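Each residue of the sequence shown is one higher than the one before, counting from 1 in full-length UniProt numbering.
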Amino acid sequence: MLFFLHPPCKRSIRLESLQFPVSLLLFPLNSVVFSQAALKRTPLFDFHRRHGGKMVEFAGWAMPVQYKDSHIASHMHTREHCSIFDVSHMLQTKVHGRDRVKFMESLVVADIQELKDNQGTLSLFTTERGGIIDDLIVTKTDQGYLYVVSNAGCADKDSAHMKVNTDEQTAGFDVDLEFLDEALIALQGPSMSRVLQEGLKEDLSKLTFMTSALAAVFGVPGCRITRCGYTGEDGVEISVPQSRVVELTERLLGNSEVKLAGLGARDSLRLEAGLCLYGNDIDETTTPVEATLVWTIGEVTSGCPSPCLKKNIAMGYVDAAFAKNGTNIQVEVRKKAVPATVSKMPFVPTNYYSG
1 MLFFLHPPCK
11 RSIRLESLQF
21 PVSLLLFPLN
31 SVVFSQAALK
41 RTPLFDFHRR
51 HGGKMVEFAG
61 WAMPVQYKDS
71 HIASHMHTRE
81 HCSIFDVSHM
91 LQTKVHGRDR
101 VKFMESLVVA
111 DIQELKDNQG
121 TLSLFTTERG
131 GIIDDLIVTK
141 TDQGYLYVVS
151 NAGCADKDSA
161 HMKVNTDEQT
171 AGFDVDLEFL
181 DEALIALQGP
191 SMSRVLQEGL
201 KEDLSKLTFM
211 TSALAAVFGV
221 PGCRITRCGY
231 TGEDGVEISV
241 PQSRVVELTE
251 RLLGNSEVKL
261 AGLGARDSLR
271 LEAGLCLYGN
281 DIDETTTPVE
291 ATLVWTIGEV
301 TSGCPSPCLK
311 KNIAMGYVDA
321 AFAKNGTNIQ
331 VEVRKKAVPA
341 TVSKMPFVPT
351 NYYSG
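Following this line, the structure appears as structure tokens:
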């Protein structure tokens, strides 16, 4: 089995040095019993139910963990064809004002000023001590604002963090925040460009990885398309007016290449691609550079069986002395020792479109 290790973090799985071959036991995604009435709903909630979505609680939202297809079938369909994910629970923010770039650079670990128009970057909100508040994508648009997408589970603290720092009396910034109520869908997989191009007048090949554009998509105006995603495949995230998102999703789903996919497939896809999950792999106790060693040599933060590799995989933190590719270690899972081997990331090749 394959196991990638960052510098150290927190979790109740102990790692110890070991000198024989590899394998790793990991955890299934558990469904949750909940009262749907108490949870927030995306504009696609009824759509999910109509299409057989199995709804679970995630970050205070009712979200589909899978549909009629199995999690593994959805995972493989995304790798081989194209899938739609509802990511409307994520926080979308426009940052307006003369000092928008200066303001954002005071909060994130990225050079926003050097971005070209309609270019985005993955970055981090950090605490004064360097802990990670959240990971996010910041796009410098040619429309006079920054477009920011951050995690649903961190929405309240992200918005509060930005609001506190816009106070002109304490920060001196000419900045205005606009928290959007738009829907957000992700179209991911090698067939994405062929599927989406059918609904665009613009040439999608000119939109490269981490760039963005405003366009009408299958006749739905006012959509922001960003070429990015959380699967390791070529993909886009489309911000779309709530009133038209069901129409657009149904239109995309009408293509035989496209299926719906839920949180289960999204998690295993991102793990194969070596992408971190906030709250598991990174949080306010970790920094972009280092973290505190709390177990014998480190800890597991995320893991699952890999549908592509037919092996179990995991990410975690470990002391640098044990982080060399090919190092044999032992993972303690439920008081049982399981052999594992440190691997380079990502576990499967990524296919981001660079033109």
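C-beta: ideal position from N, C-alpha, C; glycine also.
Here the structure is a predicted model, which means the values were calculated and not measured.
| query | result |
| --- | --- |
| Contact under 8 Å by Cβ, H75 with S268 | yes |
| Rounded straight-line distance, which links the Cα of V217 to that of E114 | 29 Å |
| Separation of A73 from A186, as counted between CA atoms | 18 Å |
| Reduced DSSP category for K157 - H, G, I as helix; E, B as strand; rest coil | helix |
| Beta-carbon proximity of A314 to G303, cut-off 8 Å | yes |
| Neighbourhood of S150 by C-beta, 6 Å cutoff - its chain only, sequence neighbours within 5 removed | L91, D134, L136, D158 |
| Minimum length 3: unbroken beta strand (DSSP E) runs contained in the stretch 108–180 | 119–126, 132–140, 146–150, 176–179 |
| Of the residues G229, P241, E105, the one placed nearest I84, counting alpha carbons only | G229 |
| Own chain residues within Cβ distance below 6 Å of T292, not counting five before or after | Low local confidence applies: a pLDDT of 34 at T292 is under 50, so the model's placement there is unreliable, with the coordinate-based value given in what follows. Result list for T292: empty, nothing under 6 Å. |
| Extent of the continuous alpha helix (DSSP H) run through R224 | That residue, R224, is in no alpha helix (DSSP H); its beta strand (DSSP E) goes 220–226. |
| Backbone secondary structure at T301 - three-state DSSP | strand |
| CB of H109 within 8 Å of CB of T126, strictly | Residue identity differs from the one stated: residue 109 is Val in this sequence, not His. Yes; because the gap between Cβ atoms is below 8 Å, this pair is in contact. |
| A323 in three-state terms, based on DSSP | coil |
| Residues bridged to P241 (per DSSP) | The partner list for P241 (beta bridge, DSSP) is empty, contrary to what the question assumes. |
| Cβ neighbour criterion (16 or more within 10 Å) applied to P307 | buried |
| Which listed residue (Y353, T42, V56) has its alpha carbon closest to that of K206 | Y353 |
| Distance, D86 Cα to V65 Cα | 11 Å |
| Cβ neighbour criterion (16 or more within 10 Å) applied to D234 | buried |
| Alpha carbon of R224 to alpha carbon of K336, nearest angstrom | 48 Å |
| Close-in-space but distant-in-sequence residues of the same chain around K201 (CB under 6 Å, 5 per side omitted) | none |
| Sequence-distant residues of its chain with Cβ nearer than 8 Å to I132 (five each side left out) | L124, F125, T126, Y278, I282, D283, E284, T286, T287, P288 |
| For N312 and V333, the rounded distance between their alpha carbons | 13 Å |
| Between the CA atoms of R50 and T139 - distance to the nearest angstrom | 34 Å |
| Where the beta strand (DSSP E) through G316 begins and ends | 311–318 |
| H51, DSSP secondary structure in three states | coil |
| Where T78 sits in the DSSP three-state scheme | helix |
| Under the three-state DSSP convention, the category E332 falls into | strand |
| Of the residues G153, L275, R100, the one placed nearest D167, counting alpha carbons only | R100 |
| C-alpha distance - K259 paired with S239, whole-angstrom precision | 19 Å |
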